[in-house]
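Visitor: Residue numbers (our numbering), protein chains in the order written: chain A, 1 to 650; chain B, 651 to 1300.
Here a beta-carbon is modelled for each residue, glycine too, at the ideal position from N, C-alpha and C.
Below is one structure. I have some questions about it.
Following this line, the structure appears as structure tokens:
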């Protein structure tokens, strides 16, 4: 295994295995993923969960391998669920060694190897259900998408275990892809309708340093979106009819070369995976033109098309971006996978262009849009993450039928559950980065980390009760290093934080691009303390966001809060928050949720009366009351009921 | 022709031809209907409007009549468009005699007669496209629905012209229906999936006094909704699959006998037409049980499921009622025909149970939800009437694709345009009612009316600039009568109005069920003057209506107002109305609209700035400004832009 902190582009990331997270918020969630989510999802992939939508994913591979017989079931991309599960399980094994899980993983890898064609091709759908049709429908076939997830899983497995078995399987697969695609004479000049293999190939390249892997990744990005469209030609050959207006080329990220794009369009997850790969491209090649396009796209997403929870994709139909400022809270799609994709992209932007604005969004998506996707006990999931829910309405209305007010056990299209699992299990990889001059601390997560440097290995420990509290202690456990240490000051704490070095307050903090900079010859025992401002804050949206007009969202630290019926009764819209009064905050343990924070706001509530008229000119009467909030990511873990993020204000 | 003021039930209505509307608001609209709408719609029915969706309705009948050949096109209920056009044209002929129009009407009637089968059956779809399948799919076939509209047209034509030609055609049709349907052995115990024939048969009965017509109407109402369902049995015979959840029996008003219903469910227009017929039933039979159900349904609609514009049916999919208080302004369906149906129902409730609450709702629907359906020039129409519109959003979002921000020329499903035409042209029939003891003035519409009484004919003239102004003068032009005169005091003026009799102020007005009562031996020259309170009023919704929380609607007289981009710029949600400051009102003439009212409100508007963050904790800064409103029914007659009824309030 090669040096994981080697600088390949501007900054280098640490692989998940370099960061050991023993306790605290994320360790608890990683334990949940290891103990509950991964075993549960294995059962789901094997159709052993009564009442859940069947997956058939393992069975499809068994049929492809000739071990079982029968028909393919599920989506064409069913293999990717297995891939993401192996990826998550590999991360888990690096944290919590578990021989039983290890055997399951090895078995799944063995199965994939058995299913693989002699020339390296793998995808159970085309092998079982459409033999001979390989690469004929790149627009919808998801072959390279599945391949990408399998490559990511193989890289994770190799890093976690040192084994080359899965990696070698996927290297044969990449050879097969490389032989089929590319600008060279006789190859297909196509690309997949769902980006994914691009970022996977960059990950692979960082292991193999095989230039062919880099070139193939770059080919897929460069080729995409040119006119006349590969997909149009393919459709004509297939005799497919006209596309629905929401499934035009932009849905597939194929309407324009990425370099010519300036607004975020189409399917949100597809967009995130492509943008992530493009950021990798910039990191490898220092491509200024492409980075400029990515920055425009970043602004388009973050300044105009992102929910306050970090949810993206505000239209359910085609799971896609809508137009600027169209962010209805009750019809949000805000797919869990899209927020995960935003984390992936933000992280890669951070590596190319270390600015806290990327990390701020990463954090917003991670602690809100992503974490809301999984129940407190790790066995139920949201695909869709609304910012306002009324169960009776969501159950009735056709235009809200995608909105669930209870997490469900599994999905026929089960991309989200294993995607959360792999992100949570690899969270250690999203904390630090470094280059020759600096070590960045992007996120506040308990753990120990080792940085290889000129003077040997610098070991740093981080302790914090983040996101519940704002105090962070970074301690040099051993080693020496003269690189600058850069700690992110989140945007919500930018004007108010306290820092000290070895007990001495930093009176004139030096902030560069959102990071507090310490320059020093670090030695064992050095302590940097940071106290972030965890005041409860009312957030206002830009006036163009019609659905938030006259309303506030509540944030404390990285957490967005919401009101639930369980605490406040029905009819949450009848509350109006008094912004002049100070909120109270207390840490609580809630049944079926565990650790939580209760924020209480002074409010007024419209008094009901016996007048049955729906509309009248008498001014409503109000009573003083309190409105109790909890973190958005913890909603829908108690009784089913109303939920609301944007609160009416007095 | 028989005595039109004969009291059949509790109160008697006047047919449209008894009220002559020479000038004022409604006369202008009737002139528009006669001069623009009816000729335009004739062209539409004959597919002579370039760019409009083709109707084929006349051609279908020509094919059925054997005059033309070709295939049936359009919906199964295409004949009903012709029927509603003849009905509207007949009303128009009674107001504005026009030999050219008369010839067109006679030609259309001739055509219907030629299309009629020897046994009386008429429906071009089944005759042309599905011969031999008559009555086999009552759930969806719309045969009796079309028949009902043809009967209504025949009654109107007979009353307007004295001709029996169309009436006789439809009497033969009714014989055919009577032979096919009923509780008797050998007849089908079915009913139509779209109520309409029921109310038509009551109208017919009031002309014919043929008990068979009354019994047939009553049979259709009594039979409907019993279990096991006729429609279920029919579906099984047709081999039709399971119904979509929004198209269950309640969609067809067939989930329960009407007497057992207490909440308004299903397709809003179907509901209105059935409830209207049931009110006729109560009027004929004094059915207390049925009337109780209707009153429950009234409360369900008016207190929980009606927009402030009198729009009903808040879900586009299946054009149906949703659940209580689910009235999203930007996804409203609020079909023009449903508001027309609400007018029809409210009117019939008023005749059975003269209480101003019915007339108040009739007025709300008429001046807002109905009138908004037609452009100021009478050539373009809305099917869907939202309470909030942003063109870019409505054009993009799949879940708002039913919302148009420009009226269109015609619809493939063209129920609404001729429905408005027939209502406007017959508006005179919705002003007065009478019984042996009272004459009611329900609506304030310029015109002259004659009441037959014991002492001969009492002629009353009404002059008013309503709805622009609140002053009404009723004058006894000739005759004498000792019945009480009852003038509706609208709910919005209940606590503040001024009345006088022959110039003497009424100091202790007697109000009964919302009507100001004058008892007197009326004689020629008597003058009753009423001055209603036309102050601008802010309306608040009940707290359960989440979408109106913290917002106000603006009403003046019967008119609901809205803000438009044309007057206020984009981004109407950034305005917050200052409720403490008095609005100003002025009468204006607007280009492309004509007479209008401008209401100006003091408001504050969020100031934009250069900070590009979508969410931030800095409180927005506001500037003082004015918000200019115009009547809701006049929206979308100028440049395409945003519109908003529910305004944010400070």
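With DSSP as the reference, label residue 350 of chain A as helix, strand or coil.
Guide: helix
Visitor: Below 7 Å CB to CB, which residues in the same chain sit around residue 1146 of chain B once its five sequence neighbours on both sides are set aside?
Guide: 1183
Visitor: Measure the CB-CB distance between residue 309 of chain A and residue 593 of chain A and report whether it falls below 7 Å.
Guide: no
Visitor: Can you list, in chain order, the residues of its chain with a C-beta nearer than 6 Å to that of residue 676 of chain A? Leave out the 5 residues immediately preceding and following it.
Guide: Residue 676 of chain A cannot be examined here, being either before or after the span of chain A that is shown, 1 to 650.
Visitor: Show which residues of chain B have a CB atom less than 9 Å away from the CB atom of residue 619 of chain A.
Guide: Within 9 Å Cβ-Cβ: 1188, 1190, 1229.
Visitor: Taking all protein chains shown into account, decide if residue 262 of chain A is buried (16 or more other Cβ within 10 angstroms of its Cβ) or exposed.
Guide: exposed
Visitor: What does the Cβ neighbour count give for residue 833 of chain B, buried or exposed, with the cut at 16 atoms within 10 Å?
Guide: exposed
Visitor: Which two residues bound the contiguous beta strand (DSSP E) that contains residue 536 of chain A?
Guide: 536-541
Visitor: CB-CB under 7 Å to residue 862 of chain B, same chain, minus the five flanking residues each way: which ones, in chain order?
Guide: Here the set comprises 828.
Visitor: Assuming residue 865 of chain B is part of the alpha helix (DSSP H), what are its boundary residues?
Guide: Secondary structure note for residue 865 of chain B: its alpha helix (DSSP H) is the uninterrupted segment 861-873.
Visitor: Is the segment 1228-1238 of chain B in contact with the segment 1043-1055 of chain B, if contact means three or more CB pairs nearer than 8 Å?
Guide: no
Visitor: Please confirm whether residue 614 of chain A has its beta-carbon closer than 7 Å to some beta-carbon of chain B.
Guide: yes
Visitor: For residue 6 of chain A, which residues in the same chain have their Cβ closer than 6 Å to its Cβ, ignoring the five residues on either side in sequence?
Guide: With a pLDDT of only 30 at residue 6 of chain A, under the threshold of 50, the placement of this residue in the model should not be trusted, and no figure is reported.
Visitor: Between residue 826 of chain B and the rest of its own chain, which residues show a CB-CB distance below 6 Å, the 5 nearest in sequence each way excluded?
Guide: Cβ neighbours of residue 826 of chain B beyond the five flanking positions: 769, 770, 771.
Visitor: For residue 677 of chain A, is the classification buried or exposed, using 16 other Cβ atoms within 10 angstroms of its Cβ as the cut-off for buried?
Guide: The structure shown does not extend to residue 677 of chain A, since chain A is modelled only from 1 to 650, so the question has no answer here.
Visitor: What does a CB cutoff of less than 8 Å around residue 1106 of chain B pick up in its chain, not counting 5 residues either side in sequence?
Guide: 1129, 1130
Visitor: Would DSSP call residue 1255 of chain B helix, strand or coil?
Guide: strand
Visitor: Report the option in B/889, B/1256, B/940, B/1027 whose CA atom is closest to the CA atom of residue 1298 of chain B.
Guide: From the listed residues B/889, B/1256, B/940, B/1027, the smallest Cα separation to residue 1298 of chain B is found for B/1256.
Visitor: With a cut-off of 8 Å, do at least 3 Cβ pairs link the segment 1186-1203 of chain B to the segment 996-1003 of chain B?
Guide: no
Visitor: Is any beta-carbon of chain B found at less than 7 Å from that of residue 550 of chain A?
Guide: For residue 550 of chain A, the nearest CB of chain B lies under 7 Å from its own CB, placing it at the interface with that chain.
Visitor: Checking contacts by CB at 7 Å: is residue 1046 of chain B closer than that to chain A?
Guide: yes
Visitor: Going by C-alpha to C-alpha distance, which of B/794, B/868, B/883, B/824 sits closest to residue 846 of chain B?
Guide: B/794
Visitor: Which residue from A/271, A/28, A/634 puts its Cα closest to that of residue 293 of chain A?
Guide: A/271
Visitor: May I ask you to list, following chain order, the residues of the segment 1217-1246 of chain B that have a beta carbon less than 9 Å from some beta carbon of chain A?
Guide: 1220, 1221, 1222, 1223, 1224, 1225, 1226, 1229
Visitor: Take the Cβ of residue 288 of chain A as the centre, count every other Cβ of all protein chains shown within 10 Å, and call the residue buried at 16 or more, exposed below.
Guide: exposed
Visitor: DSSP beta-bridge partners for residue 312 of chain A?
Guide: A/306
Visitor: Give a yes or no on whether the C-beta atoms belonging to residue 385 of chain A and residue 84 of chain A are separated by under 7 Å.
Guide: no
Visitor: Which residue wins for smallest C-alpha separation from residue 363 of chain A, given the options A/490, A/599, A/307?
Guide: Sorting A/490, A/599, A/307 by C-alpha distance to the C-alpha of residue 363 of chain A places A/490 at the top.
Visitor: Is the beta carbon of residue 1116 of chain B less than 7 Å from the beta carbon of residue 1094 of chain B?
Guide: yes
Visitor: Leaving out five residues before and five after residue 798 of chain B in sequence, what residues of the same chain have Cβ atoms less than 6 Å from its Cβ?
Guide: 846, 847, 850
Visitor: Determine which residues of the segment 307-339 of chain A have a Cβ less than 7 Å from any Cβ of chain B, and write them out in chain order.
Guide: 308, 315, 317, 322, 323, 326, 331
Visitor: Within a Cβ cutoff of 8 Å, which residues of the same chain sit near residue 216 of chain A, ignoring the five residues on either side of it in sequence?
Guide: 174, 177, 178, 181, 182, 201
Visitor: Which residues in the same chain as residue 69 of chain A place their Cβ atom closer than 8 Å to its Cβ, once the five residues preceding and following it in sequence are excluded?
Guide: 63
Visitor: Do residue 500 of chain A and residue 519 of chain A have their C-beta atoms within less than 7 Å of each other?
Guide: Going by beta carbons, residue 500 of chain A and residue 519 of chain A fall outside the 7 Å limit.
Visitor: Taking the C-alpha atoms as reference points, what is the distance between residue 759 of chain B and residue 546 of chain A?
Guide: 52 Å
Visitor: Cβ of residue 1023 of chain B within 7 Å of Cβ of residue 1066 of chain B?
Guide: It is a contact, given that the beta carbons lie within the stated cut-off.
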